[in-house]
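Undergrad: First to last, the sequence lines map onto chains A and B.
Quick note on the numbering used here: the first sequence kicks off at 1 and runs consecutively.
Quick note on the numbering used here: the second sequence kicks off at 114 and runs consecutively.
All residues carry an ideal CB built from backbone N, CA and C; glycine is no exception.
Note that the structure is a prediction, hence the values are computed from the model and not measured.
Structure below; questions to follow.
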Amino acid sequence: QKEVEQDPGPLSVPEGAIVSLNCTYSNSAFQYFMWYRQYSRKGPELLMYTYSSGNKEDGRFTAQVDKSSKYISLFIRDSQPSDSATYLCAMSGNSGNTGKLIFGQGTTLQVKP
Amino acid sequence: GAVVSQHPSRVICKSGTSVKIECRSLDFQATTMFWYRQFPKQSLMLMATSNEGSKATYEQGVEKDKFLINHASLTLSTLTVTSAHPEDSSFYICSARGPVIYGYTFGSGTRLTVV
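The following block contains the structure:
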């Protein structure tokens with residue numbers, strides 16, 4: 001079993017839809033949770049950064065962390081074609097600079113005009 | 114915000130030659146940088162953790178004599194692919210741990226093609 005599981009998709013939605021992306025994990029030591037967006041042939045770009053459980057909102061994006069269920073989500077409201085990309089969840093259990101990130105497989109999202 | 118610059122963005126080399134990829138943190142100091150490899154439509158695979166002033170820590174299965182990592186300063190880490198073979202062709206990405214609010218910042222990646 002992988003430490004972090006993420007449905008690779010692809011996920012295709014119409015413009016304006018609400019998108020829900022999810023990851024589950026098995027390591028209860030994870031405390032830092034991140035969502036990255038990666039366009040083709042580019043490095044990942046940090047979207048959301050959350051510590052421990054709770055919700056965090058930034059514009060059209062909302063990240064949720066439920067440590068009791070070992071489940072994290074990213075919601076995208078009013079999705080746009082420019083949101084079409086691969087979304088990677090990532091997590092770490094170490095607060096120091098040497099903490100390694102463990103990534104999910106990434107979900108490919110396509111938003112159709 | 115935190116910026117990581119990675120060069121070159123694309124390189125083609127012949128089998129048997131070596132290629133160096135640079136990763137620089139432009140506006141912050143990074144005592145630790147990470148090197149990843151990514152195959153098409155797959156997630157990032159951590160290759161090694163690069164520590165300033167000391168030897169890199171390699172993940173299991175990664176050949177340290179083939180993938181040489183040097184972290185000579187607080188803003189620069191390099192990955193050298195030695196005696197490259199076609200199977201080394203991949204997308205290589207570096208990242209650095211910036212201020213907490215920024216999490217981990219990634220470079221734009223290097224597409225290596227070995228012919």
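For LYS42(A), which option in GLY222(B), VAL228(B) and VAL227(B) has the closest C-alpha, if you only look at C-alpha atoms?
TA: GLY222(B)
Undergrad: Thinking just about the alpha-carbon of each residue, which of GLN142(B), GLN155(B), PHE141(B) and GLU135(B) is nearest to the one in TRP148(B)?
TA: Closest option to TRP148(B), Cα to Cα, is GLU135(B).
Undergrad: Please confirm if PRO81(A) has its CB atom under 7 Å from at least one CB of chain B.
TA: no
Undergrad: Within 10 angstroms of its Cβ, does GLY220(B) collect 16 or more other Cβ (buried), or is it exposed?
TA: By the C-beta density criterion, GLY220(B) is buried, having at least 16 other C-beta atoms within 10 angstroms.
Undergrad: Just to confirm, does TYR87(A) get its C-beta within under 6 Å of one of the non-hydrogen atoms of the ligand NAP?
TA: Because no ligand of any kind appears in the structure shown, any question about the ligand NAP cannot be addressed here.
Undergrad: Using beta carbons (cut-off 7 Å, strictly below), is ASN97(A) in contact with chain B?
TA: At ASN97(A) the pLDDT is 45, less than 50, meaning the model places this residue with poor confidence and gives no usable figure here.
Undergrad: For MET48(A), which beta-bridge partners are listed by DSSP?
TA: According to DSSP, residue pairing for MET48(A) in a beta bridge involves TRP35(A).
Undergrad: Looking only at DSSP bridge pairs, what is PRO14(A) linked to?
TA: LYS112(A)
Undergrad: Kindly list the residues whose CB is nearer than 6 Å to the CB of MET34(A), restricted to its own chain and excluding five residues on each side of it in sequence; keep chain order.
TA: Closer than 6 Å at Cβ, skipping near neighbours: TYR49 and ALA90.
Undergrad: Mind listing the chain B neighbours of LEU74(A)? Cutoff is C-beta to C-beta under 8 Å, in chain order.
TA: Within chain B, no C-beta atom comes less than 8 Å from the C-beta of LEU74(A); the nearest is roughly 14 Å away.
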